[in-house]
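**Q** Numbering (full-length UniProt numbering), first residue to last: 1 to 341.
A virtual CB, placed ideally from N, CA and C, is assigned to each residue, including glycine.
Computed from a predicted structure; not experimentally measured.
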Amino acid sequence: MPSGQTSAPTPVTEAGTVPTGKPARRFDPHRFGPVVGLVLLLIVGTALNPDFATWDNMMNVLTRTAFIGIISIGMCFVIISGGIDLSVGSMAALIAGGMILLMNALAGSVGSPVVVVALGMLFALLLGGGFGLAHGYLITRGRIEPFIVTLGTLGIFRAVLTWLADGGAITLDNDLSDAYGPVYYGSLLGIPVPVWVFLVVSIAGAVLLNRTAFGRYVQAIGSNEQVARFAAVDVDRVKLLTYGLLGVCVGIATVLYVPRLGSASPTTGLLWELEAIAAVIVGGTSFKGGEGRIAGTVIGAVLLSVISNILNLTSIISVYLNAAVQGCVIIAVAFLQRRRP
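Spelled out as structure tokens, the structure:
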């Protein structure tokens, strides 16, 4: 150093440490907590019952997760935008009943059973998207709170299905059931079809949320709707599309679920809304909106399914308390979110 010059003072942080030029990496419980929780559950499940860690059981867990997981991905967009949908279970029930009635009516008159099943699947997606857009329209144009709109349609959807089924069940024609079965019971490379569909929807949801303008708008609206409006974001249109997207996800989940039992009844989709919301919140999405991750939502859905699977394989507590356990998880995570800085 040339004479007469002094070195600049080394900056010191409040803690008295000298920074190294790289930000310190701290463990973020809201980002990595679901992963840690899932790993711990896997260890506990394996210790409690050796059958838990088998390939067949893992595939069974993921297959059963697919329905709620796909709906949770759509729900993630809605909650990030600051909304909520309490009707997804009832919506799935009505979509299932509607597509079965349509397929039964077309059986024997429109090509082969495979064509009839394809038309039924398309109808389910259109019906789900239509229901979602109807929600979005009532919320954005009618200026009604999402909680009120979806609470109302929760009762409407299930009541209509109960009326269509005359209080019983709507059953799929046997020939159609045989043609439709592989959608749920089939597999590709040893992995069930519903798991593949869940994977594709998860990747598409992550790309849409993190790599598109629409995803950024969804997060901006949830963070501060007024600021988003001032930034020339078409808030009403984005909200409309988020509910439409959720409706399509419900349609996809229903398409996968119907061949499992081949019927729809007033109990179809019962408490799916609780499980979908729980998966989103457990996955780290803020219930206040503005922040969320598809990967976290997927992990949250798997985590809740693992809890149910462990209860089914062991006798720790009654399997009838599955919903109670999920409710406790929701409350616990909400409490932790309230303490977020």
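1) In chain order, what residues of the same chain lie with their CB nearer than 7 Å to the CB of Gly327, ignoring the 5 residues before and after it?
2) Looking at C-alpha atoms only, which residue of Val298, Ser187, Ser318 and Thr153 is the closest neighbour of Ser91?
3) How long is the line joining the alpha carbons of Tyr243 and Asn104, rounded to whole angstroms?
4) Ignore the nearest five residues each way along the sequence and tell me which others in residue 391's own chain have a CB closer than 7 Å to its CB.
5) Compute the Euclidean distance between the alpha carbons of Leu188 and Ser286, then round it to the nearest angstrom.
6) In chain order, what are the residue ranges of uninterrupted alpha helix (DSSP H) at least 4 long that sit wholly in the region 142-204?
7) Pull up the CB-CB distance for Ile156 and Leu127, whole angstroms please, since I reckon it's below 8 Å.
8) Below 8 Å CB to CB, which residues in the same chain sit around Pro266 once its five sequence neighbours on both sides are set aside?
9) Return the chain-ordered list of same chain residues with a C-beta closer than 7 Å to the C-beta of Leu151, the five sequence neighbours on each side being excluded.
10) Going by DSSP in three states, Ala228 sits in which element: helix, strand or coil?
11) Flag this pair as touching only if the region 205-225 and the region 288-295 have three or more C-beta atom pairs under 8 Å; answer yes or no.
12) Are the region 190-202 and the region 68-86 touching, with three or more C-beta to C-beta distances below 8 Å?
13) Excluding sequence positions up to five away, which residues of its chain have a Cβ less than 7 Å from the Cβ of Pro192?
14) Verify whether the separation of the beta carbon atoms of Phe77 and Val302 is less than 7 Å.
15) Tell me whether the region 174-182 and the region 114-121 touch, counting them as touching only if at least three CB pairs, one residue from each stretch, are closer than 8 Å.
16) Bridge partners of Ser315, per DSSP?
17) Over the uninterrupted alpha helix (DSSP H) stretch that includes Glu291, give me the two end residues.
18) Applying the 10 Å Cβ sphere with the 16-neighbour rule, what's the burial state of Tyr257?
19) Evaluate contact between the region 272-285 and the region 132-149, counting only Cβ atoms and requiring at least three cross-stretch pairs below 8 Å.
20) Could you tell me whether the Cβ atoms of Ala124 and Gly251 are closer together than 7 Å?
21) By alpha-carbon positions, which one of Ile310, Gly205, Val325 and Gly98 ends up nearest to Val282?
22) Asn49: which of Leu311, Ala264, Asn210 and Val255 sits nearest, CA to CA?
23) From Leu40 to Ala332, what does the alpha carbon distance come to, in whole angstroms?
24) Look up Ser263 in the DSSP assignment and say whether it is helix, strand or coil.
25) Helix, strand or coil: how does DSSP classify Ile307 here?
26) Output needed for Pro9: all residues of its chain with C-beta closer than 8 Å, excluding positions within five of it in sequence on either side, in chain order.
27) How many Å lie between Phe43 and Ala107 at the Cα?
28) Is Val149 near Glu273, with beta carbons less than 7 Å apart?
**A** Answer, in terms of the structure:
1) none
2) The question names Ser, but residue 91 in the sequence shown is Met. When the alpha-carbon of Met91 is set against those of Val298, Ser187, Ser318 and Thr153, the nearest one is in Thr153.
3) 29 Å
4) Since the first and last residues shown for the chain are 1 and 341, residue 391 lies out of range.
5) 35 Å
6) Along the length of the region 142-204, whole alpha helix (DSSP H) runs at least 4 residues long occupy 146-164, 174-180 and 182-185, reported in chain order.
7) That pair is no contact at about 14 Å.
8) Ala93, Arg158, Leu161, Thr162, Ala165 and Gly167
9) When the five nearest sequence neighbours on each side are left out, the beta carbons in the same chain lying within less than 7 Å of the beta carbon of Leu151 are those of Leu86, in order along the chain.
10) Annotated three-state conformation of Ala228 is helix, per DSSP.
11) yes
12) yes
13) Met59 and Thr63.
14) no
15) yes
16) Paired residue(s): none; Ser315 is not in a bridge.
17) Segment: none, Glu291 is in no alpha helix (DSSP H) and carries neither H nor E.
18) So Tyr257 counts as buried.
19) no
20) yes
21) Val325
22) Leu311
23) 17 Å
24) Looking at Ser263 - three-state DSSP - the assignment turns out to be strand.
25) helix
26) With a pLDDT of 48 at Pro9, under the threshold of 50, the modelled position of that residue is not reliable, and the figure given next carries that caveat. Cβ within range, chain order: n/a, list empty.
27) It should be noted that the sequence gives Ile, not Phe, for residue 43. Each residue's Cα considered, the two are about 48 Å apart.
28) no
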